[in-house]
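Residue numbers (our numbering), protein chains in the order written: chain V, 38 to 348; chain R, 5 to 336.
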């Protein structure tokens, strides 16, 4: 009971801080925190797949690309309401995720990593092929740009909605099935869990989250969707965010998202590593250190601290 | 004693389905030959495809060695190869000749790969497959950042190892470069095969990879063997990088990224645990990419990576163990 009160309290605190924040920090910082919100959604989505269901994906940048292009193209051609484009991105990526999840059924970890990586490399190349529709290397521009405050509000509102949705999914029957698949596929099947259903479902949900994140990512990028924005490194960054986050903790996902979202701008102000690629060095080194020193990511660190505090 | 154990380990590989696969391969080779005899363009594309495919194959071989030794897919394999190519570039800048730099780079790669396994992969290996993969992903980003940091992202050029001579064989022009690439790759692969097949170290490495517990019981230093396996993979990757550079005519940090995808496709096509399969898969991918881009209008050069992706998906759906790999059997 006490832990539930603590959880609710911490959620309320997070919500309160986030809703006051944009009025006390500069416009530039608002855009940064909005970026964290975008990555929060993507990392949360990957956490459902990797953390809860035990399936790796190195291809979430590809789903983000699909979501982002959905928003950009709809806005360019039909001037669709941006929020509506996000819902459409959610739906499209859910379906694509199910489709990717299908071959994934036959695959164990190593093969799945390969397939999703190849997906991450392949999808950003498609706009180059169908350049009249998807803008080629020049990209696609939405019909209008949004303010930083709008982006902040929508990103964190979407984060909140999707977080609650994830909680609803994971707390019940489906979540139990996901965890059973993660812990032992054989035992899960023996207990009557239909592996194909739950594995593809996890992929679909996770991809849908990435799709929404992709929509927001494009809006955060001044409404501009281009192949280079969705390179392999984006996929790797989301995976790194999930690794930093650890498993199944709001604070962990927040930490992972903040790490991925803020590091580029923070590191660019540090003298030596401030070069364009200095941040990659920090990214890579940090994730390796996290994997070596904090096996369960930030979430594991929190548990450890809590245990120490109690002892 | 050594031979008896060797044959037993050999016996673990292969299995049913071999005749059919070799039949298909022979048919493909015959098709390529007929096509080459009928059209000079086709012949040129095939030769070029074989040379590029050899590079994909040797990187795939590196991936397979790592996978067999530690059941990890090393996503940093391509970036590692790219980094060692930059080391060769630097050595040449410092005044070494191309082939001196080549040998020195291979030695550096061997040490680098071994050290990486010992320091970064070993500690997470027992935890989960995902953890090790994430570490290699971190390495990918880290190496990319370091190379950009030291050498910058602009194009560098290295002296051509094989000159610019072009042979003319009955109306077909073949660049000496492609012959050279092919020969270097095949010789490296043969040397690795000899190492695995005829030396005690190679026997130990195979034993450690295939039957770690039993190998340890008979006194094989399994840990060391796995680390050396990573080193050897890095060495093969260095060969791939050094041979890929002249085919692209310049050196830049993204050198190996597409090649890594082709190597993945090659490794999956050949079977993720089959070294020979990796090489044959590489050749198949190289040739088919070259021909498909030329002759199939719907697939232009932008779609090369998606094509490789399609190959991966198709193989996994139709024959997940690849052409030469063996079926994964799980004991419940």
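Glycine included, C-beta positions come from ideal geometry on N, C-alpha and C. Because the structure is a prediction, the values reported are computed rather than measured.
- DSSP places residue 183 of chain V outside any beta strand (DSSP E), giving it a letter other than H or E.
- Within the segment 130-191 of chain R, the complete beta strand (DSSP E) runs of at least 3 residues fall at 170-173 and 176-179.
- Per the C-alpha coordinates, the member of R:331, R:320, R:329 and R:76 positioned closest to residue 152 of chain V is R:320.
- DSSP, read as helix, strand or coil, puts residue 52 of chain R in helix.
- Chain R has no Cβ within less than 9 Å of the Cβ of residue 41 of chain V.
- It is roughly 52 Å from the alpha-carbon of residue 173 of chain R to the alpha-carbon of residue 277 of chain V.
- With contacts defined as CB atoms closer than 9 Å, residue 125 of chain R and residue 228 of chain R fail to qualify as a contacting pair.
- In the DSSP assignment, residue 294 of chain R falls within the alpha helix (DSSP H) that extends over 279-299.
- In this chain, the alpha helix (DSSP H) harbouring residue 229 of chain R covers 226-252.
- Taken in chain order, the complete alpha helix (DSSP H) segments of 4 or more residues contained in the segment 165-245 of chain V are 168-171, 185-208, 210-220 and 222-227.
- Within the segment 261-280 of chain R, those residues whose Cβ lies closer than 9 Å to any Cβ of chain V are, in chain order, 261, 262, 264, 265, 268, 269, 271, 272 and 276.
- For the 9 Å CB-CB criterion, residue 285 of chain R and residue 64 of chain R form a contact.
- Using a C-beta cut-off of 8 Å, the segment 187-200 of chain R makes no contact with the segment 262-274 of chain R, since fewer than three inter-stretch Cβ pairs fall below that distance.
- The Cβ-Cβ distance between residue 269 of chain V and residue 81 of chain R does not fall below 9 Å.
- Counting along the chain, residue 340 of chain V sits inside the alpha helix (DSSP H) bounded by residues 334-347.
- Among the residues of chain R, those whose CB is under 8 Å from the CB of residue 143 of chain V are 320, 321 and 324, following chain order.
- Looking from the CA of residue 51 of chain V, the closest CA among V:194, V:231 and V:317 belongs to V:194.
- The residue among V:290, V:159 and V:319 with its C-alpha nearest the C-alpha of residue 315 of chain R is V:159.
- DSSP, read as helix, strand or coil, puts residue 200 of chain R in helix.
- When DSSP states are grouped into helix, strand and coil, residue 328 of chain R belongs to the coil group.
- Taking 9 Å as the cut-off between beta carbons, the residues of the segment 136-153 of chain R near chain V are 136, 137, 138, 139, 141, 142, 143, 144, 145, 146, 147, 148, 149, 150, 151, 152 and 153, in sequence order.
- If you check the CB distance, residue 183 of chain V and residue 142 of chain V do not come in under 9 Å.
- Any Cβ of chain V closer than 9 Å to the Cβ of residue 306 of chain R would place that residue at the interface, and such an atom is present.
- If you draw a straight line from the Cα of residue 83 of chain V to the Cα of residue 148 of chain R, it comes to about 24 Å.
- In summary, the residues of the segment 73-104 of chain R whose CB is separated from some CB of chain V by less than 8 Å are 75, 76, 77 and 79, in the order they occur in the chain.
- Within 8 Å of the CB of residue 128 of chain R, the CB atoms of chain V belong to 328, 329 and 332, in sequence order along the chain.
- Below the 7 Å Cβ cutoff, chain R contributes no neighbours of residue 175 of chain V, its closest Cβ being approximately 14 Å away.
- Under the three-pair Cβ rule at 8 Å, the segment 44-62 of chain R counts as touching the segment 294-313 of chain R.
- Interface annotation, residue 84 of chain V: not in contact with chain R, CB-CB separation never under 9 Å.
- Here DSSP, grouped into helix, strand and coil, assigns residue 296 of chain V to helix.
- Straight-line measurement puts the Cα of residue 88 of chain R at about 36 Å from the Cα of residue 77 of chain V.
- In this structure, the alpha-carbon of residue 77 of chain R lies about 7 Å from that of residue 70 of chain R.
- For the pair residue 69 of chain V and residue 53 of chain V, the Cα-to-Cα distance works out to about 18 Å.
- Ranking V:331, V:272 and V:327 by CA distance to the CA of residue 97 of chain V puts V:272 first.
- At a cut-off of 9 Å between beta-carbon atoms, residue 106 of chain V makes no contact with chain R.
- Taking the Cα of residue 72 of chain R as reference, the smallest distance to any Cα among R:303, R:281 and R:288 is reached at R:281.
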